[in-house]
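Notes to accompany the following structure.
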Amino acid sequence: MNNNRMALGAAASTALVLEWFGWWWAMPIAGLVAGWMLASGNRGFLFGGLGVMLAWLVLIGVPTAAAPLGRLLVVFSGILGFGASLAFVPVLIAILLAFLLGGLGGLTGGLAAQARK
Amino acid sequence: MLARFIKPALALLATVLVTSLLAVPLGPLPALGPLLSPIGGFWSAGSGDSFHSSERLSLRGLKDKVTLIRDVYGVPHIFAQNDEDASLALGYVHARDRLAQMDLQRRKAAGALAALVGSGALEDDQFMRDIGLRRAAKAALDSMKPDDPVLLALQAYANGVNAYIDSVGPNHLPLEYKLLGVQQVERWTVLDQMTFAKYMAWDLGHSFDDLYMTTLVEKMGADKVAELFPFDRPGEKSFVPTWPPTESPLASVPASAQLDSAIGSVMSRAAQTGQLNQPNAWRGSNNWALGPAKSATGMPIFASDPHLGYQLPSLWYAAQVVTPKQNVYGATLAGVPFVVIGHTRNIAWGPTNTQADVIDFFTENLNPANPSQYWHDGKWNDMQRVDEVIDVRGSKPVHYTVRVTNHGPIVSKKGFAVAMQWTGAQVTYEPRALYKLNHAEDYSAFVDALRYFQVPAQNFAFADSKGNFAVWSAGLYPIRKSGDGRTIADGSTGERDWTGFIPFEDVPHALNPDQGYVESANERPAPPNYPYMLGWQWDPNSRARRIRQRLDACNPCTVADMQALQYDSKDVYAEDLLPNMTAAITPQDDLQRAALDQLKGWDCFTRTDSVAATIWTRWLINFRRATWQDDWSAAGFAFKDDGSLADWDGWGFNGENEYQPPIEFWMSLVKNQPNSPYFDDLDTKNKVETRDDLIRTSLENTLAELKKELGPDLARWTYGSHHTLKIPHLLNVDVLNRGGQPIPGDGNSPNGQSNFGPSDGGPSWRMVVDFSNLGNSFAVYPGGQSGWPLNAHYDDLISLWVKGEYFPMYFPPAPDQLTSAQIESTLTLIRQ
């Protein structure tokens, strides 16, 4: 359990640092850190994905809290082709995407660590 | 052993694949990875780069402190110690509010859009490179001296824009860049400003109508076209008094497949790049100035409302600039450091498009042995070849060669080589004109400034604090060796070459005329006896007539009267024609009876609650088409199902006449020649129709169409039910567009709008200046000061504009003259 939390924390903090520079494409690296620590593909996928997702939730929350959140989401939703009633969808897509990037990185890291043993 | 690494390798491959997919655009969607990224993605668009209530910034290039106060309407009031610092500050605030718009505009002007948006814009860029706006701008720039104050102002402005670009970083660029997936903005240059100024000249002054006239003459014959498109239209009145006449006969054009192919090539290039004048694509404008005798205050009142396509961010950006040498307030263009329409302490000015014929087309006779040569002046001449490199995002740069003759660039790609000669290709100095206008405080300074305003030709109305009022049609107008320039000419003979331009002192103008006011609404500037050929593409004179009607009637006139006139929705053509039209109808059913009741009781104002306005605007379109469509079909023109011409949308600067003869000509037939052969429907072989026959059938068709489109209940056919505002964003993203409000006005009223359905063009700026109290002056436009969609000033002025209301043009001489209730934020700029 401790290992899981540590891996989650490592993935989240790595993701925060990398994303601070705008390097969204580097999120798999954050996930990979978690996977490597856990030496398990499945848990690497899960905690790598959760870690990156957490980091993105924090980073999205800060600017949107400062902005008129409702209007921001409605505009974004409209640009992506959804209506105002589905304004939550862009946030959902973002965090799912974050989970996917982190999860794939975690899977890779976990399987690589297992193969090394 | 290696087998152990297969699974992690596959996982890695999947990771790379998914990440790569998220990095590229998918169809219409931008790349999702960067767009959804918390840093640099859409989330940071927020409310945009809002101004804090009190802010202090140091900017490189400033000589002294600048105080920039934004009022509650988002208008910056810039107080600087010198002109250059003021320009720098204006550049900074333009960029902070409108950077994406400025970038798109300069790229469009320079033919460099493909570098931003990809190969979809390549045709557009090639066309703009052919026209050569940047080449013309560069020639003007190269001729300016280093210590020229205009050049120094332009350079300072560029420094201000770049100061913002440097400060913002890729993660906080405007929303448009996130949608385009762009992370870097190129630095702003003086050449960008000069090129954009040329683009405005092109946008307002270009016309392909000569090609249409050529096709008409080819198919119908010169005599018939001369009759249908007379220089002197019935009931037309110029806004400047008389001069001696001149008119040349239209030259005949023999049918030619090569010619048709060349015309088709130019037209399709123009259509693809959005350069054709669509029907209802508004470029008309109004302005007027009342002299003291007609003004309720005893001092002049000035009004200006240019009519252009609506867009967000708006074309205009209000600003006040105060330095020891100037105090000017008005509409600026984001991208240029000067007020274009506005007032100083003592003068006011505003333009309407002259719509002169300043473009001619020539077929060039190429040397069969060497197609890079053309015949002119009795010999083969080498074409100038300009090699252009067009960057294309995501692809290799494209090398493109522009061929130029003595007339201008070749703009056709098939058939004959057709060269285009345009006054804007000359070296001209419109920024100097604007600089001088911003510093002008009397009539002579105003006139001196206009010497430099050459493209686009504009009718500048003027008023000053001494009680003067005037109008000048400033511009460069070609003098041709022969002919009137209305059709394509054979370039090899030189017979239709330009020999010079109308001297500035001879351009149409008037100062303090006896009628007590001046006005212009894109009607003909000078009467038939003017000694030079100015053009023939004047707008229908309905707006001018209505404006004169009201200015003659109000005695005295107030500021409120002038505001009401800018919002006036009366259609004088309805007043002229409906008596004839309704008299010809004996109602055949309840619907016709109800329709007639509406029309007979109507005061001809196209208000949003008017049912008659709906019927009238559609009936007018149908009656005109019924008159002309058969004649055009018989001449060989094809039509679309909706009744518009297949290969041509509309001639003239707003396409109001569609493909048809000028409406004034048609109206004179309706009123005076009910049996004119033009009313005969050529498709009905055994019958000869009269005016009244067409009136009846066109009304039947109109009511059937309206019933289908708006439902069977005539009471619900209110004008506002379909005539609504439409303001597209520059990227035409639905959620960023605005509109939907019912609005009054049609194509013939001073409040010029589309005739039916959503209106996406009209009064883009309304301004009324009161010389008895400049602080009592007003302006409004359908948009907002900020280009950031979530900013409160993105669209806050639209609701005022829709209702015909205005915001006050606060005009303080110093920062402490604004009250706290008027101030939204203060930005202090200091030297870095």
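Protein sequence lines correspond, in order, to chains X and D. Quick note: the first sequence uses numbering that gives the first Met the number 0, first residue 0, plus one each step. Quick note: the second sequence uses numbering that gives the first Met the number 0, first residue 0, plus one each step. In this text, a Cβ means the ideal position worked out from N, Cα and C, and glycines have one as well. All values derive from a computational prediction rather than experimental measurement.
Residue burial classification, residue i (beta-carbon count within 10 angstroms, cutoff 16)
{"i": "Pro278 (chain D)", "result": "Model confidence at Pro278 (chain D) stands at a pLDDT of 48, short of 50, so the residue's coordinates are unreliable; what they give is reported in the following sentence. Result: buried."}
{"i": "Asn653 (chain D)", "result": "buried"}
{"i": "Pro323 (chain D)", "result": "exposed"}
{"i": "Ser394 (chain D)", "result": "exposed"}
{"i": "Asp496 (chain D)", "result": "buried"}
{"i": "Asn671 (chain D)", "result": "exposed"}
{"i": "Gly651 (chain D)", "result": "buried"}
{"i": "Gln457 (chain D)", "result": "buried"}
{"i": "Leu172 (chain D)", "result": "buried"}
{"i": "Ala9 (chain X)", "result": "buried"}
{"i": "Trp19 (chain X)", "result": "exposed"}
{"i": "Lys569 (chain D)", "result": "buried"}
{"i": "Glu387 (chain D)", "result": "buried"}
{"i": "Gln271 (chain D)", "result": "exposed"}
Neighbourhood of residue i by C-beta, 7 angstroms cutoff - its chain only, sequence neighbours within 5 removed
{"i": "Trp242 (chain D)", "result": "Confidence at Trp242 (chain D) is low in this model, with a pLDDT of 48, below 50, so the placement of that residue should be treated as unreliable; the coordinate-derived value is given next. These residues qualify, in order along the chain: Ala525, Pro526, Asn528, Tyr529 and Pro530."}
{"i": "Met5 (chain X)", "result": "Met36"}
{"i": "Ala13 (chain D)", "result": "none"}
Residue j beta carbon less than 9 angstroms from that of residue i
{"i": "Pro741 (chain D)", "j": "Asn750 (chain D)", "result": "no"}
{"i": "Trp800 (chain D)", "j": "Pro781 (chain D)", "result": "yes"}
{"i": "His306 (chain D)", "j": "Asn326 (chain D)", "result": "no"}
{"i": "Ser294 (chain D)", "j": "Pro512 (chain D)", "result": "no"}
{"i": "Leu34 (chain D)", "j": "Leu178 (chain D)", "result": "yes"}
{"i": "Glu704 (chain D)", "j": "Asn790 (chain D)", "result": "no"}
{"i": "Arg623 (chain D)", "j": "Ile662 (chain D)", "result": "yes"}
{"i": "Gly474 (chain D)", "j": "Pro502 (chain D)", "result": "no"}
{"i": "Leu619 (chain D)", "j": "Leu590 (chain D)", "result": "no"}
{"i": "Leu121 (chain D)", "j": "Val506 (chain D)", "result": "no"}
{"i": "Val321 (chain D)", "j": "Thr331 (chain D)", "result": "no"}
{"i": "Tyr835 (chain D)", "j": "Leu828 (chain D)", "result": "The requested residue 835 (chain D) does not occur in the structure, where chain D is confined to residues 0 to 831."}
Top-ranked residue by Cα proximity to residue i, from the options
{"i": "Asn352 (chain D)", "options": "D:Gly534, D:Gln325, D:Thr362 and D:Ala270", "result": "D:Gly534"}
{"i": "Ala288 (chain D)", "options": "D:Val74, D:Leu709 and D:Val517", "result": "D:Val517"}
{"i": "Arg479 (chain D)", "options": "D:Gln659, D:Ser464 and D:His406", "result": "D:His406"}
{"i": "Tyr156 (chain D)", "options": "D:Leu174, D:Val339, D:Gln192 and D:Tyr718", "result": "D:Gln192"}
{"i": "Thr723 (chain D)", "options": "D:Trp201, D:Ala703, D:Asp759 and D:Arg450", "result": "D:Asp759"}
{"i": "Ile300 (chain D)", "options": "D:Leu550, D:Trp497, D:Gln420 and D:Thr422", "result": "D:Leu550"}
{"i": "Asp359 (chain D)", "options": "D:Arg695, D:Thr213 and D:Ser472", "result": "D:Thr213"}
{"i": "Pro145 (chain D)", "options": "D:Gln154, D:Lys137 and D:Val74", "result": "D:Gln154"}
{"i": "Met419 (chain D)", "options": "D:His398, D:Met127 and D:Tyr805", "result": "D:Met127"}
{"i": "Leu45 (chain X)", "options": "X:Trp22, X:Gly101 and X:Ala111", "result": "X:Gly101"}
{"i": "Phe251 (chain D)", "options": "D:Glu235, D:Thr486, D:Pro24 and D:Glu54", "result": "The sequence shown places Ser at residue 251 (chain D), not Phe. Nearest of D:Glu235, D:Thr486, D:Pro24 and D:Glu54 to Ser251 (chain D), Cα basis: D:Thr486."}
{"i": "Phe98 (chain X)", "options": "X:Leu31, X:Leu56, X:Gly77 and X:Met52", "result": "X:Met52"}
{"i": "Trp379 (chain D)", "options": "D:Val385, D:Glu387, D:Pro370 and D:Asp386", "result": "D:Pro370"}
{"i": "Ala135 (chain D)", "options": "D:Trp537, D:Pro812 and D:Glu429", "result": "D:Glu429"}
{"i": "Pro578 (chain D)", "options": "D:Ala714, D:Ala111, D:Asp602 and D:Gly423", "result": "D:Asp602"}
{"i": "His508 (chain D)", "options": "D:Phe445, D:Val403 and D:Thr689", "result": "D:Phe445"}
{"i": "Gln834 (chain D)", "options": "D:Ala583, D:Trp201, D:Ser667 and D:Asp682", "result": "Any property of residue 834 (chain D) remains undetermined from this structure, which presents chain D solely from 0 to 831."}
Same chain, Cβ closer than 8 angstroms to residue i, five either side skipped, listed in chain order
{"i": "Lys413 (chain D)", "result": "Ser260, Ala261, Gly263 and Ser264"}
{"i": "Gln565 (chain D)", "result": "Asn285, Ala302, Asp304, Pro749, Asn750, Pro762, Arg765, Val767 and Gly803"}
{"i": "Leu644 (chain D)", "result": "Trp631, Phe636, Ala637, Phe638, Glu657 and Tyr658"}
{"i": "Ala44 (chain D)", "result": "Pro173, Leu174, Lys177, Trp787, Pro788 and Leu789"}
beta-carbon residue i near the ligand SAM non-hydrogen atom, thresh 8 angstroms
{"i": "Pro812 (chain D)", "result": "The model on display carries no ligand, and the ligand SAM is accordingly not part of it."}
Neighbourhood of residue i by C-beta, 6 angstroms cutoff - its chain only, sequence neighbours within 5 removed
{"i": "Pro244 (chain D)", "result": "With a pLDDT of 45 at Pro244 (chain D), under the threshold of 50, the predicted position of this residue should be treated as unreliable, though the coordinate-derived value follows. So the list reads Pro527 and Asn528, once near-sequence residues are dropped."}
{"i": "Gly234 (chain D)", "result": "Glu663"}
{"i": "Asn345 (chain D)", "result": "Glu440, Asp463 and Ser464"}
{"i": "Val17 (chain D)", "result": "none"}
>> What are the residues in the stretch 721-733 of chain D lying within 7 angstroms of chain X by C-beta distance?
In response: Against chain X - using a Cβ distance shorter than 7 angstroms - the residues of the stretch 721-733 of chain D are Val732 and Asp733.
> When you check each C-beta in the stretch 589-600 of chain D against every C-beta of chain X, which residues fall closer than 9 angstroms?
Replying inline: Here the close residues number zero.
>> To be precise: take each residue of the stretch 35-46 of chain D, compare its Cβ to all Cβ atoms of chain X, and keep it if any distance is under 8 angstroms. Which residues remain?
In response: If the cut-off is 8 angstroms between Cβ atoms, the stretch 35-46 of chain D has Leu35, Ser36, Pro37, Ile38, Gly39, Gly40, Phe41, Trp42, Ser43, Ala44, Gly45 and Ser46 near chain X.
> Using a Cβ cut-off of 7 angstroms, which residues of the stretch 91-107 of chain X contact any Cβ in chain D, in chain order?
Replying inline: Residues are counted here when their Cβ sits less than 7 angstroms from a Cβ of chain D; for the stretch 91-107 of chain X these are Ile92, Ala93, Leu96, Leu99, Leu100, Leu103, Gly104, Leu106 and Thr107, given in chain order.
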